[in-house]
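Step one of this worksheet: look at the structure below.
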Amino acid sequence: MLVEHSPSKQFSIPKWLWIGGGILLAALTAGVIFLAHNWPFTQAAVIQALEAASGRQVQVRTFSDSYFPPGCTVEGIRFLRHKHPEESPIITVERLVVRGSFTGFFSSPKRLSLVRIVGMHMVIPPKTGGAQGPVPLNSGSGRGELAISNIIADGAVLEFVRADRSEKPYILKIDRLGLRDLGPGTRMTYRAMLTNTEPPGVIHSEGKFGPWNPADMGATPVSGTYSYDDIDLSIFHGISGVGHARGKFEGPLSRIQTQGSVEVAKFQVDGSDHSVALATTYQATVNGTNGDVLLNPATARYRRTQIDVRGWIAGGDDTKGKSASFDVAVPSGRVDDLLYLFSKGAPGMSGNVSLNGKFLWPPGPQKFVEKIRMDLTFGMKASHFTSPNTQDSINRISESAQGEKKKQEDEDPRTVLSQLHGAVRLREGTATITGGTFEVPGAQATVHGTYNLLTHTVDLHGTLDTSGHLSDTTSGFKALVLKAVTPLLRKKHEERIIPFQITGSYGNTSVGIDLKKGILGSK
1 MLVEHSPSKQ
11 FSIPKWLWIG
21 GGILLAALTA
31 GVIFLAHNWP
41 FTQAAVIQAL
51 EAASGRQVQV
61 RTFSDSYFPP
71 GCTVEGIRFL
81 RHKHPEESPI
91 ITVERLVVRG
101 SFTGFFSSPK
111 RLSLVRIVGM
121 HMVIPPKTGG
131 AQGPVPLNSG
141 SGRGELAISN
151 IIADGAVLEF
161 VRADRSEKPY
171 ILKIDRLGLR
181 DLGPGTRMTY
191 RAMLTNTEPP
201 GVIHSEGKFG
211 PWNPADMGAT
221 PVSGTYSYDD
231 IDLSIFHGIS
241 GVGHARGKFE
251 GPLSRIQTQG
261 SVEVAKFQVD
271 GSDHSVALAT
281 TYQATVNGTN
291 GDVLLNPATA
301 RYRRTQIDVR
311 GWIAGGDDTK
321 GKSASFDVAV
331 PSGRVDDLLY
341 LFSKGAPGMS
351 GNVSLNGKFL
361 WPPGPQKFVE
371 KIRMDLTFGM
381 KASHFTSPNT
391 QDSINRISES
401 AQGEKKKQED
411 EDPRTVLSQL
421 HGAVRLREGT
431 ATITGGTFEV
441 PGAQATVHGT
451 YNLLTHTVDL
461 HGTLDTSGHL
471 SDTTSGFKAL
481 VLKAVTPLLR
491 KKHEERIIPF
501 QITGSYGNTS
511 VGIDLKKGIL
521 GSK
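For the sequence shown, counting from 1, position 129 maps to 129 in this note's numbering; every step adds exactly one.
Now the structure itself:
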């Protein structure tokens with residue numbers, strides 16, 4: 001016997017489900033009403049937001065919005081100039097994509113899940129004394145404002161216009177840029193790859209930035225690491241080489257503490273046919289608001305020489321570009337290494353050297369050796385000339401002063417080691433030596449004169465105190481002349497005071513007696 005079941009009992013719905021469904025429907029209805037009145041993704045709302053952020057009039061070519069997911073896409077964005085809106089815009093964006101979530105509308109602050117900026121080009125005018133620009137998204141208190149989970153801005157170009165409009169602008173290409181956790185009062189995370197133009201190279205950096213301090217931009221904290229590869233130093237007039245840098249940094253934007261290292265392959269100075277591998281470690285303070293740098297210290301090493309540098313790189317109010325001013329010290333190095341950077345062929349001297357002084361590298365288009373300025377004091381020990389002719393003359397003077405005759409000098413030749421002290425002033429490519437003293441066994445000299453780094457010519461003069469016989473230092477007709485004029489030279493006790501000169505081209509100099517000066521000086 002079949003028993004029939006009541007349809008009402010078979011499909012009955014629990015009362016709690018009816019209640020829950022009613023609540024859900026009421027919530028959805030309220031949400032739709034809220035979104036209808038507060039939907040942020042409208043063309044008018046987006047333009048208003050962009051104008052408020054930039055302080056400029058904004059035009060767009062196309063606009064489209066979406067509901068699943070909520071968001072919008074804007075193309076052909078133009079940020080117009082204040083005084084001449086008909087001219088090329090100061091900022092253009094090919095496409096702006098904004099994506100949100102329904103839950104983000106009800107958070108505090110409101111949150112967007114993604115903002116993608118495609119093909120941005122920004123023209124940045126020369127720095128003026130006007131007010132600061134728009135405040136970034138990670139400033140503020142966080143109440144009633146906007147937060148963004150991710151920003152992606154690949155392929156952006158920043159064009160920095162020079163104060164002199166005839167000069168090419170400085171271009172910074174942002175190949176990849178990712179920002180996370182942007183919001184009021186937050187410390188955002190960034191990761192970037194940039195192509196720099198001055199000097200050319202590729203920069204990778206990641207770290208944290210903010211929260212932005214609108215009252216004091218320089219107090220905004222920043223930290224991170226970076227690498228700078230394939231740095232082409234030939235953009236700086238007078239030098240060349242390819243560098244690679246690594247480092248880390250932390251601190252407020254106006255006083256970033258950084259440390260790292262730079263390695264330069266094939267570093268070379270114009271006018272020299274030598275290149276060296278240069279390795280530098282440094283600690284510095286960087287002003288991120290204007291690019292000024294304080295080195296404290298930097299240590300450079302190449303071949304067998306170490307150079308310690310302290311000083312600053314900064315711009316002036318009345319100059320274009322930045323100047324570098326350093327205190328330089330070589331506690332223990334080699335004179336042949338220092339000369340190696342500026343010479344053609346073998347360096348003219350070899351030996352140990354120490355020096356201290358100041359170095360100034362002003363901006364400008366001149367060659368490196370033409371515009372650098374140096375004021376140095378130096379001392380050399382156990383040094384000798386690499387030119388056989390020059391060193392042979394020094395050897396003979398010393399050996400003669402020690403009582404050896406020419407025959408003994410020829411039978412037992414020795415390389416005499418010299419000591420040299422003095423001061424050097426470098427201006428416009430010419431090094432002027434003053435207060436120089438030159439010592440070899442049995443003889444002592446004072447020396448002054450010039451060496452031209454551009455033409456590589458030597459013009460040194462001085463006086464030699466020796467008890468030796470100058471005719472022993474040479475042969476033939478020149479020896480006869482020296483024997484004839486030796487009695488005419490001035491004397492001091494048992495020593496003769498002999499004026500001399502070192503002249504010629506670098507690496508092929510000759511040492512001679514200034515006979516005219518010696519004879520005149522004896523009267």
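Where a beta carbon is used, it is the ideal one built from N, C-alpha and C, also for glycine.
Buried or exposed for residue 337, please, with buried defined as at least 16 other CB atoms from any protein chain shown within 10 angstroms of its CB. On the sequence shown, residue 337 is found 337 positions in, with the first residue counted as 1. The residue is buried, with at least 16 neighbouring Cβ atoms inside 10 Å.
In three-state DSSP terms, what is residue 51? Counted from its first residue, the sequence shown places residue 51 at position 51. Residue state, collapsed to three classes: helix.
Do residue 159 and residue 122 have their beta-carbon atoms positioned less than 8 Å apart in this structure? Numbered from its first residue, the sequence shown carries residue 122 at position 122. Numbered from its first residue, the sequence shown carries residue 159 at position 159. Yes, the Cβ-Cβ distance between residue 122 and residue 159 is below 8 Å.
Straight-line Cα distance separating residue 169 from residue 333: Counted from its first residue, the sequence shown places residue 333 at position 333. Counted from its first residue, the sequence shown places residue 169 at position 169. Their backbone Cα atoms lie some 41 Å apart in a straight line.
Could you tell me if residue 99 is buried or exposed, where buried requires 16 or more neighbouring beta carbons within 10 angstroms of its beta carbon? The residue you call residue 99 lines up with position 99 of the sequence shown. The residue is buried, with at least 16 neighbouring Cβ atoms inside 10 Å.
In terms of alpha-carbon separation, which member of 112, 57, 106 and 91 lies closest to residue 72? Translated into the one-based positions of the sequence shown, residue 72 becomes position 72. Residue 112 is the option with its Cα nearest to residue 72.
Quick one: Cα of residue 60 to Cα of residue 365, how far? The sequence position of residue 60 within the sequence shown is 60, counting from 1. The sequence position of residue 365 within the sequence shown is 365, counting from 1. Cα-Cα distance, rounded: 43 Å.
Starting from residue 322, follow its DSSP beta bridges and name the residues at the other end. Here residue 322 refers to the residue found at position 322 of the sequence shown. Note: residue 322 sits in a beta bridge opposite 315.
Do three or more CB pairs link the region 237-244 to the region 213-226 at distances below 8 Å? no
What's the call for residue 350, buried or exposed, on a 16-neighbour Cβ count within 10 Å? The residue given as residue 350 occupies position 350 in the sequence shown. It is buried - the Cβ of residue 350 has at least 16 other Cβ atoms within 10 Å.
Out of 303, 94 and 457, state which residue places its alpha-carbon closest to the alpha-carbon of residue 153. For the purposes of this step, residue 153 is identified with residue 153 of the sequence shown, where counting begins at 1. Of the candidates 303, 94 and 457, the one whose C-alpha sits nearest the C-alpha of residue 153 is 94.
For residue 339, name the three-state secondary structure that DSSP assigns. On the sequence shown, residue 339 is found 339 positions in, with the first residue counted as 1. Helix, per DSSP.
Taking the alpha-carbon of residue 315 as reference, which of 263, 303, 174 and 363 has the nearest alpha-carbon? Taking the first residue of the sequence shown as position 1, residue 315 is located at position 315. Minimum Cα distance to residue 315 is reached at 363.
Measuring alpha carbon to alpha carbon, tell me which of 285, 268 and 283 ends up nearest residue 277. Here the question's residue 277 lines up with position 277 in the sequence shown. Closest option to residue 277, Cα to Cα, is 268.
The region 417-436 touching the region 450-460, judged by at least three CB pairs closer than 8 Å: yes
Residues that residue 462 bridges to, as DSSP identifies them: The sequence position of residue 462 within the sequence shown is 462, counting from 1. Partner(s): 447 and 500.
Bounding residues of the beta strand (DSSP E) (the contiguous stretch that carries residue 202): Numbered from its first residue, the sequence shown carries residue 202 at position 202. Looking at the DSSP string, the run of the beta strand (DSSP E) that includes residue 202 is 200-209.
Who are residue 217's beta bridge partners in DSSP? The residue labelled residue 217 in the question sits at position 217 within the sequence shown. The partner list for residue 217 (beta bridge, DSSP) is empty, contrary to what the question assumes.
Would you mind working out which of 505, 299 and 361 sits nearest residue 283, comparing C-alpha positions? Residue numbering aside, residue 283 sits at position 283 when the sequence shown is read from its first letter. The shortest C-alpha separation from residue 283 is found at 299.
Sequence-distant residues of its chain with Cβ nearer than 6 Å to residue 90 (five each side left out): For the purposes of this step, residue 90 is taken as residue 90 along the sequence shown, with counting starting at 1. Once the five neighbours on either side are set aside, the close Cβ partners of residue 90 are 79, 81 and 123.
What did DSSP end up calling residue 106 once you bin it into helix, strand or coil? For the purposes of this step, residue 106 is identified with residue 106 of the sequence shown, where counting begins at 1. Reduced to three states, the DSSP call for residue 106 is helix.
Under the three-state DSSP convention, the category residue 272 falls into: The sequence position of residue 272 within the sequence shown is 272, counting from 1. In the structure shown, residue 272 sits in coil (DSSP, three-state: anything other than H, G, I, E or B).
Beta-carbon within less than 6 Å of residue 381's beta-carbon, same chain only, minus the 5 sequence neighbours each way: which residues are those? One-based indexing of the sequence shown puts residue 381 at position 381. Correct list, in chain order: 352 and 419.
When the distance is taken between beta carbons, is residue 208 closer than 8 Å to residue 176? Sequence index remark: in the sequence shown, residue 176 carries index 176 (1-based). Sequence index remark: in the sequence shown, residue 208 carries index 208 (1-based). Against a cut-off of 8 Å, the Cβ pair of residue 208 and residue 176 comes out as no contact.
Given this structure, state the Cα-to-Cα distance separating residue 306 from residue 335, to the nearest angstrom. Position 306 of the sequence shown holds residue 306. Position 335 of the sequence shown holds residue 335. Cα to Cα, the separation comes out at about 11 Å.
Proximal residues to residue 329 (C-beta, below 6 Å), its chain only, five neighbours per side dropped: Here the question's residue 329 lines up with position 329 in the sequence shown. For residue 329, where only same-chain residues beyond five positions count, the Cβ hits under 6 Å are 308 and 356.
In whole angstroms, what separates the C-alpha of residue 310 from that of residue 358? Locating residue 310 in the sequence shown gives position 310, where the first residue counts as 1. Locating residue 358 in the sequence shown gives position 358, where the first residue counts as 1. Cα-Cα distance, rounded: 10 Å.
What residue range is occupied by the uninterrupted beta strand (DSSP E) comprising residue 359? Here residue 359 is taken as the residue at index 359 of the sequence shown, counted from 1. Note, residue 359: beta strand (DSSP E), 349-361.
Would you mind sorting residue 55 into buried or exposed? The rule is 16 or more other CB atoms within 10 Å of its CB. Sequence index remark: in the sequence shown, residue 55 carries index 55 (1-based). Exposed, because fewer than 16 other Cβ atoms sit within 10 Å of the Cβ of residue 55.
Once DSSP output is grouped into helix, strand and coil, what is the label at residue 173? Position 173 of the sequence shown, counting from 1, holds the residue named residue 173. The answer is strand: DSSP assigns residue 173 an E or B state.
Does DSSP classify residue 372 as helix, strand or coil? Along the sequence shown, read from residue 1 onward, the residue named residue 372 stands at position 372. Three-state DSSP puts residue 372 in coil, outside helix and strand.
Among the residues of its own chain, which have a CB less than 6 Å from the CB of residue 193, if the five just before and after it don't count? In the sequence shown, residue 193 corresponds to position 193, counting from 1. Result list for residue 193: 175, 176 and 204, in chain order.
For residue 419, which residues does DSSP report across the bridge? Translated into the one-based positions of the sequence shown, residue 419 becomes position 419. In DSSP, residue 419 forms a bridge with 439.
Assuming contact is defined by CB atoms lying nearer than 8 Å, are residue 343 and residue 274 in contact in what I supplied? Indexing the sequence shown from 1 puts residue 343 at position 343. Indexing the sequence shown from 1 puts residue 274 at position 274. Result yes, Cβ atoms of residue 343 and residue 274 sit closer than 8 Å.
If we ignore side chains and look at the alpha-carbon of each, how far apart do residue 445 and residue 465 end up? For the purposes of this step, residue 445 is taken as residue 445 along the sequence shown, with counting starting at 1. For the purposes of this step, residue 465 is taken as residue 465 along the sequence shown, with counting starting at 1. Taking the straight line from one Cα to the other gives about 6 Å.
Pull up the DSSP beta-bridge partners for residue 70, would you. Position 70 of the sequence shown, counted from the first residue, corresponds to residue 70. Note: residue 70 sits in a beta bridge opposite 67.
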